[in-house]
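Numbering-wise (the working numbering), the sequence shown opens with residue 4 and increments by one.
Structure first, then comments.
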Amino acid sequence: MPKSKVRKKSVYTPPEGVLQPQAARARAVQPSPRWYAPLMVTLMVLGLLWIVVYYVAGDQIPFMVSLGAWNFAIGFGAMVLGLVMSMRWR
């Protein structure tokens, strides 16, 4: 059986008006600073510890008693902030 002919496809070049100028192109993504990852992990761990301490000994710590349910907002807020930072980490 004879072999079929292989066709070469030409390389696609977009029209001139389609290309974006150099200034409009996305800038190169830079890596995160060295302090970013430790801060991110620290926020998540501190938020978790805040909630655990509130559950275990919250009635014995005066400022936690005065905060009441805001202790959950503080703990979950720190954890969410660390999670948001993890999405931006490079």
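Beta carbons: idealized from backbone N, C-alpha and C, even for Gly.
Counted within 10 angstroms of its Cβ, other Cβ atoms place residue i as buried (16 or more) or exposed
| i | result |
| --- | --- |
| LEU46 | buried |
| TYR2 | Here the chain comprises residues numbered 4 to 93, so residue 2 is not present and cannot be evaluated. |
| GLY20 | exposed |
| TYR58 | exposed |
| MET43 | buried |
N- and C-terminal bounds of the alpha helix (DSSP H) containing residue i
| i | result |
| --- | --- |
| ALA81 | 73 to 91 |
Three-state secondary structure assigned by DSSP to residue i
| i | result |
| --- | --- |
| SER69 | helix |
Next item on the list: With a floor of 3 residues, list each beta strand (DSSP E) that falls wholly inside the stretch 25 to 65, ordered by position along the chain.
Entry: none
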